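Residue numbers (our numbering): 859 to 1071.
From the three backbone atoms N, C-alpha and C, an ideal C-beta is built for every residue, glycine too.
Quantities reported herein were computed from a predicted structural model and do not represent experimental measurements.
As structure tokens, the structure follows; a few thoughts come after it.
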Ligand code: TMP
């Protein structure tokens, strides 16, 4: 590839269910493409055949599901395949990667309330993905009642094992993400996600560093 080609930028969108991450991922990709960038959108768990198979496994287990440590390993394994096969090669060829959830989801869900501590989650990430971090992580924050309302509209009573939870769950998730953003203000941008999609998109564009192409 040409020597002048610079590495792509890696942007993760984080937040609870119903925050609007996937809508915003697509809006951001369109805008960046219009600015002349090569962009790929992807999601976790998933993004490669192996990682999508792990996603299906995680969502399909009946009853209590996996033990928290087993679940953390599965998310880390899915991420490892995703980084190795899709994210790292795309960045290397100059493509920008927009990812719906990344390591901070494991820190919030498997750490935080989930029974592992943050160092353990980051240890799995070091093994699986050589500790790769996004260049920028947009934390999209919505109130618990708004998240519950949106999920009821989206899923009706089809909510899956992980997604179909009540307002108390959404409040706990929000409480798990916020300190991550506070601890790394340089890597995170906090986005108010309570507004409509266009307004949230504008906030996301405003949060892109001025120095970026
Ligand atoms: P989503 O595709 O609707 O965001 O659902 C994925 C679910 O998986 C969501 O409830 C968050 C959860 N999750 C984790 O618990 N840990 C992780 O590392 C990731 C990526 C997702």
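Assuming the contact rule is C-beta atoms closer than 8 Å, residue 964 and residue 930 should be a hit. Round their C-beta distance to whole Å, please.
Start at 1 with the first residue of the chain shown, and residue 964 comes out as number 106. Start at 1 with the first residue of the chain shown, and residue 930 comes out as number 72. Confirmed, Cβ separation roughly 7 Å.
Identify every residue that forms a DSSP beta bridge with residue 996.
As a first step, residue 996 is located in the chain shown; it is residue number 138 there, counting from the start. Bridge partners of residue 996: 871, 1047.
Give every residue of the same chain whose Cβ lies closer than 8 Å to the Cβ of residue 947, excluding the five residues on either side of it in the sequence, and list them in chain order.
Looking up residue 947 in the chain shown gives position 89. Counting only Cβ-Cβ distances below 8 Å, and skipping sequence neighbours, we find nothing.
Is residue 895 near residue 954, with beta carbons less than 8 Å apart?
For the purposes of this step, residue 895 is identified with residue 37 of the chain shown, where counting begins at 1. For the purposes of this step, residue 954 is identified with residue 96 of the chain shown, where counting begins at 1. Going by C-beta atoms, residue 895 is nearer than 8 Å to residue 954.
Between the C-alpha atoms of residue 893 and residue 1069, what's the straight-line distance to the nearest angstrom?
Residue 893 sits at position 35 when you count from the first residue of the chain shown. Residue 1069 sits at position 211 when you count from the first residue of the chain shown. Spanning the two alpha carbons is a distance of roughly 14 Å.
Would you tell me roughly how many angstroms separate the C-alpha atoms of residue 1028 and residue 1035, rounded to the nearest one?
Within the chain shown, residue 1028 is the residue found at index 170, counting from 1. Within the chain shown, residue 1035 is the residue found at index 177, counting from 1. The alpha-carbon atoms of residue 1028 and residue 1035 are separated by roughly 11 Å.
Mind checking residue 904: buried by the 16 CB within 10 Å criterion, or exposed?
For the purposes of this step, residue 904 is taken as residue 46 along the chain shown, with counting starting at 1. Looking at its Cβ environment, which holds 16 or more other Cβ atoms inside 10 Å, residue 904 is buried.
I need the DSSP call for residue 953, collapsed to helix, strand or coil.
In the chain shown, the residue the question calls residue 953 occupies position 95. Three-state result, residue 953: coil.
Just to confirm before moving on: does the CB-CB distance between residue 939 and residue 909 stay below 8 Å?
Your numbering for residue 939 matches position 81 in the chain shown. Your numbering for residue 909 matches position 51 in the chain shown. Yes, these two residues count as a Cβ contact at 8 Å.
Any chance the CB of residue 896 is under 7 Å from a heavy atom of ligand 1?
Walking along the chain shown from the start, residue 896 turns up at place 38. No, since every heavy atom of ligand 1 falls outside the 7 Å radius drawn around the Cβ of residue 896.
If you run the structure through DSSP and keep just helix, strand and coil, what is residue 919?
On the chain shown, residue 919 is found 61 positions in, with the first residue counted as 1. In the structure shown, residue 919 sits in coil (DSSP, three-state: anything other than H, G, I, E or B).
Quick check on this structure: which residue in 887, 972, 882, 1014 has the alpha carbon closest to the alpha carbon of residue 923?
In the chain shown, residue 923 corresponds to position 65, counting from 1. Of 887, 972, 882, 1014, the residue nearest in Cα terms is 972.
Can you tell which of 918, 956, 994, 969 has the C-alpha that lies nearest to the C-alpha of residue 934?
As a first step, residue 934 must be located in the chain shown, where it is residue number 76. Here the closest residue by C-alpha is 969.
In whole angstroms, what is the alpha-carbon distance linking residue 1066 and residue 866?
The residue you call residue 1066 lines up with position 208 of the chain shown. The residue you call residue 866 lines up with position 8 of the chain shown. About 14 Å.
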